[in-house]
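Colleague: 233 is the number that full-length UniProt numbering gives to position 233 of the sequence shown; each next residue is one higher, with no gaps. Even glycine gets a Cβ: it sits at the ideal position worked out from N, Cα and C. Just passing along the structure, written as structure tokens.
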Amino acid sequence: MLQSLRRKKAGGGLASIHASGALIPRLEIRSSAVLFRSTFGPLAAAYDPKAIEGAGWYQWYESQGYFRGKNGVPPGHNFSMVIPPPNVTGTLHIGHTLTVAIQDSIVRWRRMMGDNVLYVPGTDHAGIATQTVVERRLQKEKKLTRHDLGREAFIDEVWKWKETHGNHINNQLRRLGTSLDWSREVFTMDPQRSKAVTEAFVRLHDEGLVYRSTRLVNWCCFLQTVISDIEVEYESLSRRTMIALPGKGTKKYEFGVIHHFLYRVEGGGELEVATTRPETILGDSALAVHPEDPRYVDFIGRRAIHPFTGQPIPIVADPILVDRELGTGVVKITPGHDFDDFACGVRHNLPRINLLRNDGTLNQHGLHFQGLDRMEARRKVVEELEKMGLYKDKKDHESRIALCSRSGDVLEPLLKPQWYVACQDMGADAARMVRDGTIELIPDFHKHEWYRWMENVEDWCVSRQLWWGHRVPAYKVVAEGEERAAANNKDNDTLPEDWQKERWVIARNQEEALEKAKALYPDIAAPKLEQDEDVLDTWFSSSLFPISALGWPDNTQDLKEFYPLSVMETGADILFFWVARMAMICSKLSPTQQAPFKKVYLHGMVRDAHGRKMSKSLGNVIDPLHVIEGIPLEQLLQNLNHNLLDEAERKKATAGIKSDYPAGIPQCGTDALRFTLVNYTQQTRNINLDINKVVANRHFCNKMWNATRFVLSYAESTPVAQPEPDDLASKWILSRLSQVVTKCNQGMSDSEFHVATSSLYDFFLNEFCDVYLEYAKLYISGEAQIKNVLNTCLESYFRLLHPFMPYVSEELWQRLPTSQEKEDCLMHAAYPLAANQVAAWRNEETYEKPMEEVLRVLHAVRSLRDGHGATPLKYSVSIHTTDASLYDLLSNEASVIRHLARASRIDVQHNAAEPEGCGVRVLDSRTQIFLPLLHLGGGDHQQTTATSAEVSLSPENVANLQKEVEKMNKRKKKLEKEIEWIEQKVAGPYYLDKVPLDVRNQDKEAKAEAEKQLKDVERSIRSVSDFMHKYQPL
């Protein structure tokens, strides 16, 4: 067997030998493992993933402490990862499943390579997502809002929800076989992580990296909070579209139009302006034109009259904002409600007027429209412009609206005082880390996006107007008499300049805040403190995860020994929102100021089989448990009732589910799902998940199950020994196994996981099962070496497979013949390495190339047989070659070819005359295969050759041969159509630009194969026709 990297310690424990040779102490392993194995009954007749995955393997691993990382291991032998913390109240979606499938494959591989692995589980409090879920439930079940309950009572409700539903995620992770160290489980709002968040905010503020500023933010009027960029979804409109907004009942509002109206100019004249948001006219501070636009040069420096206030506003020249070729060439400037206008306002020192309250109604700056909802105000403003004679018209307009991904509300740019983290210097450091190789991004094409983001990074708004989350550790310092004024400013009615007068201190607690307040504001006799009601962006606590999960800000052993993390694996879609922020914040705050990880592996976004983004409204969201356990169509449709979809969305989702899963989703099991997802990593940008691929891999598991049952039925009691076969097939399969070992190790080392999974799949199905196992059936009853080779292949194979398919590999590996050196479980077995005995097995020249020749002939025989519909075991074949060495090889292996091709007879001829009346398959210039058609399917299977005695064909013979010619002509037409179809496809106008290279190569190979078969068919038709003409009775 392969040389193990493990060896027994005195007293029954285990030690690991790392690749460097150092001895690593392991957890004590109970001797119950042997007893556990001894309780196995015979393998079931068929593979049942539910039975295997529910057999207690995971619980046994966990109870033995096999998932725990140890402290005190010598430096250089630790491997650490953290799980990207999923939302605590949610369920694992297929994107999470892909992440844990990749991560767990990596950590299981590293354990088997001898590393001391720490894999930390955790869940995220997910501020806005969790608060939204609980608010919806309160409204649905109790008809209450959070404001009805009050802050403290509402937070209590969220904690209750978390305690009730929070374990669902962990149960799913266990169901997926994820080998996490549950003794170190964390939650982003547990006491230690909360301490870390407060400490981070205070330290960053003390270093001048946290500050408060009034700027435009994305504001959700329905949720009444700032929305982070990642929670913004954009919808493109090409024409007038009516859209329903949350909290507005069934009423819909008009978008996708542009309104044209006039501004009158002091001293005479008018300027036509266009806007998609007429209500923002109330906040206009100026008009802008291009300084080189000849139509408006004379207007620059003059003033326009605001149609509602009657006050003059300046007309400014701005080449940055204004595109003179776009629209009328005149732009209204609303610095308080548009990001581009805000920047223009800064350039021209324009006032910033805030029109909206937090709920989307107009405040006092909305004049007589005060109190109206923004959408109602839009309609009223247009009506009044019409009455003034200033309104011209509205037109369909291509536009893009920003939506809140949580509520579906149309977002408003809104001026708000918020807390920000200064990112420029940290961003530059993060860019340098990737550029100098401190952090490796895989795939490396992400580097360009990283540099673009980090070198142009903007300051990060970290405050959110929510109740669930980490309260900002900021305290407003209020003097006597200021409390009432502060209370009156809740509706956003104050001007931005008023916000600048506020006094704040940042502190770890109220006592520290009071000390700071007295020191900073000695003129306030009795300062009062009001903690900021806002909470911090969820991504702020997530950005600390590599250090907070290891116990920071305390100087823990985990932090000393496992930081920085070895690998960070996550989705490419959160490269900036999470990975970049971890790189910035952790490298600033960690005790050693090191980058938080050495490698970052980024997988693509999982989409459905049609390439569409997964969405509840499309009905294409895949629950991994449905794939694992199976679910009928009726239940899939019933589950839609648990989603908060409107009737139109429900109908659309129902149609999508019926189309994609007409018979529901069959039970596939955890192993098949994991293996499929890891194999999909070859798709680096988007992963189009087809459930049929998972089903196919479930069949793959069944193939392994049946193959192992067959081997055990003959070789279960065979003593395990180093195989020393003398037959070509056995030497070949061991050499191929050695190649798989190399590919698996290379794929895992290079983070090309699909290389490992593809090689494992191809080896087992196409080489071990299709060739060697069929070959072994000839000799297995008596040949000990064949049994030993079979056991060796399976034992090594299941160790290679274990990181990807932990359950079925463990179940089958445990059944194989044991030896004194066998470990208690696969997690403690050594991963096969391409060295020592494995290297000795490999010999491409002596074993693999000769066997490839045999297999090439075998496949040609099968193809010829199937092309003519020959009945297995009732046809004969003649193989002709002009190559003497190939003749010797094929003669020696003729019985193997006959058995695997299921032929009644195989003749190998050297420099023989070509037989007549045969189907022909030409391998190359040296070798041809002939299938006599005269007695196909029965009777005499002897080869009829040109040198044989005179043949007289009976009418029945002629009729049979004519049928063969008819079949060959049909096949000829089919091949001609196939070639024509490929040629038309290749000639398409977008073929080279849009068809992937691997598909183009497949088309090229398919055409070449079809052309070769066409030549063979044409030759066969000529051979049979000539034969009939020569021997047909007159």
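Ignore the nearest five residues each way along the sequence and tell me which others in Ala829's own chain have a CB closer than 6 Å to its CB.
Modeller: Within the sequence shown, numbered from 1, the residue matching residue 829 stands at position 829. Around Ala829: Arg799 and Glu823.
Colleague: Any chance the region 186–200 sits against the region 546–554, with 3 or more Cβ pairs inside 8 Å?
Modeller: yes
Colleague: Return helix, strand or coil for Trp460, following the three-state DSSP convention.
Modeller: Here the question's residue 460 lines up with position 460 in the sequence shown. Here Trp460 sits in strand by DSSP.
Colleague: Mark Ala835 as exposed unless 16 or more other C-beta atoms lie within 10 angstroms of its C-beta, in which case mark it buried.
Modeller: Counted from its first residue, the sequence shown places residue 835 at position 835. Under this definition Ala835 is an exposed residue.
Colleague: Look up Gln984 in the DSSP assignment and give the residues it is bridged to.
Modeller: Along the sequence shown, read from residue 1 onward, the residue named residue 984 stands at position 984. Looking at the DSSP assignment, Gln984 forms no beta bridge with any residue, so it has no partner.
Colleague: With 16 as the cutoff for other CB atoms within 10 Å, does Ile94 come out buried or exposed?
Modeller: Position 94 of the sequence shown, counted from the start, is the residue given in the question as residue 94. Under this definition Ile94 is a buried residue.
Colleague: Taking the CB atoms as reference points, tell me whether Asp750 and Pro49 lie closer together than 9 Å.
Modeller: Stepping through the sequence shown from its first residue, residue 750 is reached at position 750. Stepping through the sequence shown from its first residue, residue 49 is reached at position 49. No, Cβ-Cβ distance for Asp750 and Pro49 is not below 9 Å.
Colleague: Is DSSP giving Asp907 helix, strand or coil here?
Modeller: Numbered from its first residue, the sequence shown carries residue 907 at position 907. In the structure shown, Asp907 sits in a strand (DSSP, three-state: E or B).
Colleague: Please determine, among Ser80, Gly127 and Pro121, the residue with the shortest C-alpha to C-alpha distance to Trp109.
Modeller: Reading the sequence shown from its first residue, position 109 is the one you call residue 109. The residue with the shortest Cα to Cα distance from Trp109 is Ser80.
Colleague: For a test of the three-state rule: what should DSSP assign to Thr757, helix, strand or coil?
Modeller: Within the sequence shown, numbered from 1, the residue matching residue 757 stands at position 757. Helix, per DSSP.
Colleague: If you pair each beta-carbon of the region 390–400 with each one of the region 281–297, do three or more pairs fall below 8 Å?
Modeller: No: the two stretches stay apart, fewer than three of their Cβ pairs being nearer than 8 Å.
Colleague: Out of curiosity, what's the CA-to-CA distance linking Glu911 and Thr881?
Modeller: Taking the sequence shown and counting its residues from 1, one reaches residue 911 at position 911. Taking the sequence shown and counting its residues from 1, one reaches residue 881 at position 881. It is Asn, not Glu, that sits at residue 911 in the sequence shown. Approximately 6 Å between the Cα atoms of the pair.
Colleague: Measuring straight from C-alpha to C-alpha, what distance separates Glu774 and Leu900?
Modeller: Against the sequence shown, residue 774 aligns to sequence position 774. Against the sequence shown, residue 900 aligns to sequence position 900. Between the C-alpha atoms of Glu774 and Leu900 there is a straight-line separation of about 7 Å.
Colleague: Taking only runs of the alpha helix (DSSP H) that begin and end inside the region 55–107, which ones reach a length of at least 4 residues, in chain order?
Modeller: With a minimum length of 4 residues, the continuous alpha helix (DSSP H) runs that stay inside the region 55–107 are 57–63.
Colleague: Would you decide whether Gly571 is buried or exposed? Buried here means 16 or more other CB atoms lie within 10 Å of its CB.
Modeller: To locate residue 571, count along the sequence shown from 1; it is residue 571. Buried, because 16 or more other Cβ atoms sit within 10 Å of the Cβ of Gly571.
Colleague: The beta strand (DSSP E) spanning Trp419 covers which residue range?
Modeller: Looking up residue 419 in the sequence shown gives position 419. Note, Trp419: beta strand (DSSP E), Glu412 to Val421.
Colleague: How about Met189 and His470: are their beta carbons less than 9 Å apart?
Modeller: Working through the sequence shown from its first residue, we reach residue 189 at position 189. Working through the sequence shown from its first residue, we reach residue 470 at position 470. Cβ distance < 9 Å, so Met189 and His470 count as in contact.
Colleague: Taking all protein chains shown into account, do 16 or more other C-beta atoms lie within 10 angstroms of the C-beta of Val346, making it buried, or fewer, making it exposed?
Modeller: As a position in the sequence shown, residue 346 is number 346, starting the count at 1. That one is exposed.
Colleague: Quick one: using the 10 Å Cβ neighbour count with 16 as the cut-off for buried, is His699 buried or exposed?
Modeller: Numbered from its first residue, the sequence shown carries residue 699 at position 699. With fewer than 16 other Cβ atoms within 10 Å, it is exposed.
Colleague: Quick check for students: name the residue ranges of the beta strand (DSSP E) that lie wholly in the region 183–238, counting only runs of 3 or more.
Modeller: 210–220 and 232–237
Colleague: Determine the closest residue to Val477 out of Pro596, Gln224 and Tyr521, with distance taken between C-alpha atoms.
Modeller: Indexing the sequence shown from 1 puts residue 477 at position 477. When each option's Cα is compared against that of Val477, the closest is Tyr521.
Colleague: Tell me the residue span of the alpha helix (DSSP H) that contains Ile52.
Modeller: Numbered from 1 along the sequence shown, position 52 holds the residue referred to as residue 52. Here the alpha helix (DSSP H) through Ile52 covers Pro49 to Glu53.
Colleague: Reducing DSSP to helix, strand and coil, say where His880 ends up.
Modeller: Numbered from 1 along the sequence shown, position 880 holds the residue referred to as residue 880. The three-state secondary structure of His880, taken from DSSP, is strand.
Colleague: Pairs of beta-carbons, one from the region 928–935 and one from the region 886–895, closer than 8 Å: are there three or more?
Modeller: Flag = no, the region 928–935 and the region 886–895 do not touch.
Colleague: Return the CA-CA distance between Thr145 and His125, expressed in angstroms with no decimal places.
Modeller: Locating residue 145 in the sequence shown gives position 145, counting from the first residue. Locating residue 125 in the sequence shown gives position 125, counting from the first residue. About 20 Å.
Colleague: Go ahead and pull the three-state DSSP assignment for Ala317.
Modeller: Translated into positions along the sequence shown, residue 317 becomes position 317. In this structure, Ala317 counts as strand in the three-state DSSP scheme.
Colleague: Let me check understanding here. Comparing Cα to Cα, which of Gln510, Phe577, Val505 and Ala519 lies closest to Asp537?
Modeller: For the purposes of this step, residue 537 is identified with residue 537 of the sequence shown, where counting begins at 1. That would be Phe577, whose Cα lies nearest to the Cα of Asp537.
Colleague: So, helix, strand or coil for Leu180, using DSSP?
Modeller: In the sequence shown, counting from the first residue as 1, residue 180 sits at position 180. Three-state DSSP puts Leu180 in coil, outside helix and strand.
Colleague: Our contact map puts Pro314 next to His290 with C-beta atoms below 8 Å; I'd like the distance itself, whole angstroms only.
Modeller: Residue numbering aside, residue 314 sits at position 314 when the sequence shown is read from its first letter. Residue numbering aside, residue 290 sits at position 290 when the sequence shown is read from its first letter. Not quite, the Cβ-Cβ distance comes to about 15 Å (not below 8 Å), so this is no contact.
Colleague: Can you tell me whether DSSP reads Gln424 as helix, strand or coil?
Modeller: Working through the sequence shown from its first residue, we reach residue 424 at position 424. DSSP, reduced to helix, strand and coil, places Gln424 within a helical segment of the structure shown.
Colleague: Tell me the rounded alpha-carbon separation between Pro246 and His306.
Modeller: Taking the first residue of the sequence shown as position 1, residue 246 is located at position 246. Taking the first residue of the sequence shown as position 1, residue 306 is located at position 306. Between Pro246 and His306, the C-alpha separation is close to 32 Å.
Colleague: DSSP state of Pro806, grouped into three classes?
Modeller: Taking the first residue of the sequence shown as 1, we reach residue 806 at position 806. Helix at Pro806.
Colleague: Is Arg400 buried or exposed, if buried means 16 or more other CB atoms sit within 10 Å of its CB?
Modeller: Translated into the one-based positions of the sequence shown, residue 400 becomes position 400. Arg400 should be labelled exposed.
Colleague: State the start and end residues of the unbroken alpha helix (DSSP H) segment that holds His603.
Modeller: The sequence position of residue 603 within the sequence shown is 603, counting from 1. Per DSSP, His603 belongs to no alpha helix (DSSP H); it is in the beta strand (DSSP E), Phe597 to His603.
Colleague: Under 9 Å, do Ile665 and Arg607 count as touching if we go by C-beta distance?
Modeller: One-based indexing of the sequence shown puts residue 665 at position 665. One-based indexing of the sequence shown puts residue 607 at position 607. No, the Cβ-Cβ distance between Ile665 and Arg607 is not below 9 Å.
Colleague: Nearest CA to the CA of Ala729: which residue from Glu135, Phe710 and Glu767?
Modeller: Along the sequence shown, one-based indexing puts residue 729 at 729. Here the closest residue by C-alpha is Glu767.
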